[in-house]
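Residue numbers (this note's numbering): 1 to 66. By construction, the Cβ of each residue, glycine as well, lies at the ideal position given by its N, Cα and C atoms. Note that this is a predicted model, so its numbers are computed, not measured.
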């Protein structure tokens, strides 16, 4: 079991999860976003790496406007 904190909301999963799977579970489109885990930006090339238990994850969505 793994627990992570995503944008200040706790989520629990039955097994290890990577960033790509997390986005799918949360129904977040991978387009136009940035992901930081424990205050470190994670490039898309590393989204297949397993997230550690109790990680703090921030998902930022790009928006338009002025």
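In angstroms with no decimal places, state the Cα-to-Cα distance between residue i and residue j.
| i | j | result |
| --- | --- | --- |
| residue 51 | residue 19 | 7 angstroms |
| residue 10 | residue 33 | 20 angstroms |
| residue 60 | residue 35 | 6 angstroms |
| residue 28 | residue 21 | 10 angstroms |
| residue 16 | residue 44 | 18 angstroms |
| residue 64 | residue 42 | 22 angstroms |
Does the Cβ of residue i lie closer than 7 angstroms to at least one heavy atom of the ligand SAH?
| i | result |
| --- | --- |
| residue 49 | With respect to the ligand SAH, the structure offers nothing, as it holds no ligand at all. |
Count the other CB atoms, across all protein chains shown, that sit within 10 Å of the CB of residue i; report buried if there are 16 or more and exposed otherwise.
| i | result |
| --- | --- |
| residue 26 | exposed |
How about residue i and residue j: are their beta carbons less than 8 angstroms apart?
| i | j | result |
| --- | --- | --- |
| residue 37 | residue 62 | no |
| residue 53 | residue 2 | yes |
Hey, could you find the ends of the alpha helix (DSSP H) residue i is sitting in?
| i | result |
| --- | --- |
| residue 22 | 19-25 |
With respect to the beta strand (DSSP E) encompassing residue i, which residues constitute its N-terminal and C-terminal limits?
| i | result |
| --- | --- |
| residue 44 | No beta strand (DSSP E) contains residue 44, which DSSP labels as neither H nor E. |
| residue 4 | 2-6 |
| residue 36 | 33-37 |
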